[in-house]
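Let me begin by presenting the structure, written as structure tokens, before commenting on it.
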Amino acid sequence: MSTEPELRRDPVTGRWAIVAPQRALRPMALSDAGPRHRSADERTPCPFCAGQEYDTPNEVFAFRDTGSEPNGPGWRLRVVPNKFPAVRRDAEPATPAAYSTELGAGRGALFCSAPAVGAAEVLIDCPEHIDNPTQLSDEQFRDVLRAYRERLVALATDASLEYVAVFKNVGAEAGASLGHTHSQLIALPIVPELIQAELTGALAHFTHTRRCIFCDLIQNELALGARLVARSDNFVAVTAFAPRFAYEMWVLPLAHQPRYESITNGAALELAQLLKRVLKALDESRHSPAYNWYLHTTPLRAGELAHYHWHLEVIPRTARPAGLEWGGGCHITTAAPERAASELRAALPASG
Ligand SMILES: [Zn+2]
Ligand SMILES: [Zn+2]
Ligand SMILES: [Zn+2]
Numbered sequence: 003m004s005t006e007p008e009l010r011r012d013p014v015t016g017r018w019a020i021v022a023p024q025r026a027l028r029p030m031a032l033s034d035a036g037p038r039h040r041s042a043d044e045r046t047p048c049p050f051c052a053g054q055e056y057d058t059p060n061e062v063f064a065f066r067d068t069g070s071e072p073n074g075p076g077w078r079l080r081v082v083p084n085k086f087p088a089v090r091r092d093a094e095p096a097t098p099a100a101y102s103t104e105l106g107a108g109r110g111a112l113f114c115s116a117p118a119v120g121a122a123e124v125l126i127d128c129p130e131h132i133d134n135p136t137q138l139s140d141e142q143f144r145d146v147l148r149a150y151r152e153r154l155v156a157l158a159t160d161a162s163l164e165y166v167a168v169f170k171n172v173g174a175e176a177g178a179s180l181g182h183t184h185s186q187l188i189a190l191p192i193v194p195e196l197i198q199a200e201l202t203g204a205l206a207h208f209t210h211t212r213r214c215i216f217c218d219l220i221q222n223e224l225a226l227g228a229r230l231v232a233r234s235d236n237f238v239a240v241t242a243f244a245p246r247f248a249y250e251m252w253v254l255p256l257a258h259q260p261r262y263e264s265i266t267n268g269a270a271l272e273l274a275q276l277l278k279r280v281l282k283a284l285d286e287s288r289h290s291p292a293y294n295w296y297l298h299t300t301p302l303r304a305g306e307l308a309h310y311h312w313h314l315e316v317i318p319r320t321a322r323p324a325g326l327e328w329g330g331g332c333h334i335t336t337a338a339p340e341r342a343a344s345e346l347r348a349a350l351p352a353s354g
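The sequence shown begins at 3 in my numbering and counts up by one.
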């Protein structure tokens, strides 16, 4: 058996999976940490701390002090290839047809697999060993959001890629293997299932109404107010109407923007400040749960869509998915999103 990562398509639904045996070798500093515990007995300095640059692959991007050398000190944020990637930059892609999600007669063989080409990168948010992103300064947090944009723009030049999944895992239960705050991205030659489902649903709404469903959702949430957590001049945070996890939040730009790449530095600072506030409220009201946030944005080759609108989703690990969730894709949560929103509003730190 090869240990090269492979994309495999579920023969029935077309859902993609990545089989990446070499990922089993990665170190898990947080593997024995309790569900809510973020750092356990992690040793510092860790491989992401300033001065430990030799411990990571060479950086592909950084915000650095002028005059400082790559892979040495003087950085404020570094992006390095993942040492234990789920996808491979150097693999030879198969033909585009091999990555098609077409179902039915067009699908070809029952067992479809193709090399998992792509990029897997780690964005080290800051040189200090901080394990809670809300402890980043506004400018550090802004730079994390700017780095997402810079990497999306850079990876879009690779014609074999279709989608860049950008996400952050906070806490062992959310899948973080190191406590030092960092984000990750995985660039793929396919569009993942959930993005595809959102695109399909959004297009159906647009075909019917000629309006973007996310723009409609924002208007309705602002008018109702019951699920509104916080807003700023250009962004809004709401709890999800039909959540998978209690306290699940969506953060969206108020104006119609299909692609995250269009975010300005000023807007990134405003988003950073809003996100910090709502995450602090989440920490305060739920005793610092583990969580993931991830970006949903238009696929690299899809142009400027009138029906799709980028957003960030935050899913706190307030429960463990169990039989119905795995077996049916139907999630049970115990806190109503309207109550969650009112709790989060009450826990918001003062703005500014
Ligand atoms: Zn560290
Ligand atoms: Zn929109
Ligand atoms: Zn989404």
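C-beta atoms are modelled at their ideal positions from N, C-alpha and C, and glycine is treated no differently.
**OP:** Indicate, with yes or no, if ligand 1 has a heavy atom lying under 7 Å from the CB of Pro47.
**Re:** Residue numbering aside, residue 47 sits at position 45 when the sequence shown is read from its first letter. At least one heavy atom of ligand 1 is nearer than 7 Å to the Cβ of Pro47, so yes.
Subject >> Spatially closest choice to Arg90 from Val62, Glu340, Glu123, Val81, by CA coordinates >> reply: Counted from its first residue, the sequence shown places residue 90 at position 88. The shortest C-alpha separation from Arg90 is found at Glu123.
**OP:** Take the Cβ of Phe113 as the centre, count every other Cβ of all protein chains shown within 10 Å, and call the residue buried at 16 or more, exposed below.
**Re:** Residue 113 sits at position 111 when you count from the first residue of the sequence shown. By the neighbour-count definition (other C-beta atoms within 10 Å, threshold 16), Phe113 is an exposed residue.
Original post:
Between the Cα of Val81 and the Cα atoms of Asn236, Arg66, Cys332, which residue gives the shortest distance?
Top reply: As a working mapping, residue 81 is identified with position 79 in the sequence shown. It is Arg66.
**OP:** Could you pull out every residue in the same chain whose Cβ sits closer than 7 Å to the Cβ of Leu205, ignoring the five residues on either side in sequence?
**Re:** Taking the first residue of the sequence shown as position 1, residue 205 is located at position 203. Excluding positions up to five away in sequence, the list reads His309.
**OP:** Spell out the partners DSSP gives Val240 in its beta bridges.
**Re:** In the sequence shown, counting from the first residue as 1, residue 240 sits at position 238. DSSP lists Leu230, Trp252 as partners of Val240.
**OP:** Below 8 Å on the Cβ atoms is my guess for Val168 versus Glu250; work out the distance and round it to an integer in Å.
**Re:** Your numbering for residue 168 matches position 166 in the sequence shown. Your numbering for residue 250 matches position 248 in the sequence shown. Contact annotation, Val168 with Glu250: C-beta distance approximately 18 Å; criterion of less than 8 Å not satisfied.
Subject >> Collapsed DSSP secondary structure at Thr335 in the structure displayed >> reply: Residue mapping note: residue 335 aligns to position 333 of the sequence shown, counting from 1. The answer is coil: DSSP assigns Thr335 none of H, G, I, E or B.
**OP:** With hydrogens ignored, establish whether the beta-carbon of His207 is closer than 7 Å to any heavy atom of ligand 5.
**Re:** Absence of ligand 5 from the depicted structure is noted, with ligand 1, ligand 2 and ligand 3 being the only ligands included.
Original post:
In angstroms, rounded to a whole number, what distance separates the CA positions of Pro37 and Arg213?
Top reply: Counted from its first residue, the sequence shown places residue 37 at position 35. Counted from its first residue, the sequence shown places residue 213 at position 211. The predicted position of Pro37 is uncertain, since its pLDDT is 43 and thus under 50; a value taken from the coordinates is nonetheless stated next. Pro37 and Arg213 have their C-alpha atoms spaced approximately 41 Å apart.
**OP:** Please decide whether Ala239 counts as near chain C, where near means a Cβ-Cβ distance under 8 Å.
**Re:** Judged by its chain identifiers, the structure shown contains no chain C, having just a single protein chain.
Original post:
Would Ile197 be called buried (16 or more neighbouring beta carbons within 10 Å of its own) or exposed?
Top reply: If you number the sequence shown from 1, residue 197 lands on position 195. It is buried - the Cβ of Ile197 has at least 16 other Cβ atoms within 10 Å.
**OP:** Go through its chain and collect everything with a Cβ distance to Glu223's Cβ below 8 Å, but skip five positions before and after it.
**Re:** Counting from one through the sequence shown, the residue named residue 223 turns up at place 221. Taking C-beta separations shorter than 8 Å and ignoring five residues to either side along the sequence, the partners of Glu223 in its chain run Arg229, Leu230, Val238, Val240, following chain order.
Original post:
If you check the beta carbons only, do Ser234 and Leu190 fall under 8 Å apart?
Top reply: Working through the sequence shown from its first residue, we reach residue 234 at position 232. Working through the sequence shown from its first residue, we reach residue 190 at position 188. In this structure, Leu190 does not lie closer than 8 Å to Ser234 by Cβ.
Subject >> Counterpart residues of Glu315 in DSSP-defined beta bridges >> reply: Residue mapping note: residue 315 aligns to position 313 of the sequence shown, counting from 1. Partner(s): Trp252, Tyr296.
Original post:
Is it true that the CB of Ala88 sits closer than 8 Å to the CB of Ile220?
Top reply: Taking the sequence shown and counting its residues from 1, the one referred to as residue 220 is at position 218. Taking the sequence shown and counting its residues from 1, the one referred to as residue 88 is at position 86. Their beta carbons are not under 8 Å apart, which means Ile220 does not touch Ala88 by this criterion.
**OP:** Tell me whether Asn60 is buried or exposed, calling it buried when 16 or more other Cβ atoms sit within 10 Å of its Cβ.
**Re:** Within the sequence shown, the letter at position 58 stands for residue 60. With fewer than 16 Cβ atoms within 10 Å of its Cβ, Asn60 is classed as exposed.
**OP:** Note the first and the last residue of the continuous alpha helix (DSSP H) segment covering Ala156.
**Re:** Indexing the sequence shown from 1 puts residue 156 at position 154. It spans 140–157 - the alpha helix (DSSP H) in which Ala156 sits, taken as one unbroken run.
Original post:
Under a Cβ-count criterion, where at least 16 other Cβ atoms within 10 Å of its own Cβ denotes burial, should Ser185 be classed as buried or exposed?
Top reply: To locate residue 185, count along the sequence shown from 1; it is residue 183. Ser185 comes out buried.
**OP:** Whole angstroms is fine: what's the gap from Glu345's alpha carbon to Leu157's?
**Re:** Translated into the one-based positions of the sequence shown, residue 345 becomes position 343. Translated into the one-based positions of the sequence shown, residue 157 becomes position 155. So the two alpha carbons sit approximately 39 Å from each other.
Subject >> As assigned by DSSP and simplified to three states, the class of Ile192 >> reply: Against the sequence shown, residue 192 aligns to sequence position 190. DSSP places Ile192 outside both helix and strand once states are collapsed to three, so it counts as coil.
**OP:** With DSSP collapsed to three states, give me the class of Glu263.
**Re:** As a working note, residue 263 is residue 261 in the sequence shown. If DSSP states are grouped into helix, strand and coil, Glu263 belongs with the helices.
Original post:
In this structure, does DSSP put Cys217 in helix, strand or coil?
Top reply: In the sequence shown, the residue the question calls residue 217 occupies position 215. Correct three-state label for Cys217: helix.
Subject >> Cβ-Cβ separation, Cys48 to Leu79 (assumed contact under 8 Å), whole Å >> reply: The residue you call residue 79 lines up with position 77 of the sequence shown. The residue you call residue 48 lines up with position 46 of the sequence shown. Between Leu79 and Cys48 the beta-carbon gap is near 16 Å, outside 8 Å, which marks them as no contact.
**OP:** Return yes when the C-beta of Cys128 is under 7 Å from any heavy atom of ligand 1, and no when it is not.
**Re:** Walking along the sequence shown from the start, residue 128 turns up at place 126. No, Cβ of Cys128 sits at least 7 Å from all heavy atoms of ligand 1.
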